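**Q** Plus 2 on top of the position in the sequence shown (first one is 1) and you've got the numbering used here.
Note that CB positions come from ideal geometry on N, CA and C, so glycine has one too.
Note that this is a predicted model, so its numbers are computed, not measured.
Below is the structure I would like to discuss, written out as structure tokens.
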Amino acid sequence: MRLTHTGEDGFMLYIPSEYALCVYEQLMERGKDYGIINAGYFAQRTLRIE
Numbered sequence: 003m004r005l006t007h008t009g010e011d012g013f014m015l016y017i018p019s020e021y022a023l024c025v026y027e028q029l030m031e032r033g034k035d036y037g038i039i040n041a042g043y044f045a046q047r048t049l050r051i052e
């Protein structure tokens, strides 16, 4: 599902929990060239207010 909490493009992934780590690792590896980073809950809430 495509959505935004910070004003930037974002995605919400609904996957079975047994695949979560594998999907996360793949996203982080393949996203390196695009500057992918982790954003915590409080950071997202702060950016949402701005």
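1) Straight-line CA distance for G37 to Y26?
2) Would you kindly work out how many angstroms separate the C-alpha atoms of Y57 and M30, rounded to a whole number?
3) I39 to L15, Cα distance in whole Å?
4) At which residues does the alpha helix (DSSP H) containing A22 begin and terminate?
**A** Reading it off the structure:
1) Whole-angstrom Cα-Cα distance: 15 Å.
2) The question about residue 57 has no answer, for the chain in this structure spans 3 to 52.
3) C-alpha separation (whole angstroms): 16 Å.
4) First-last of the alpha helix (DSSP H) with A22: 22 to 32.
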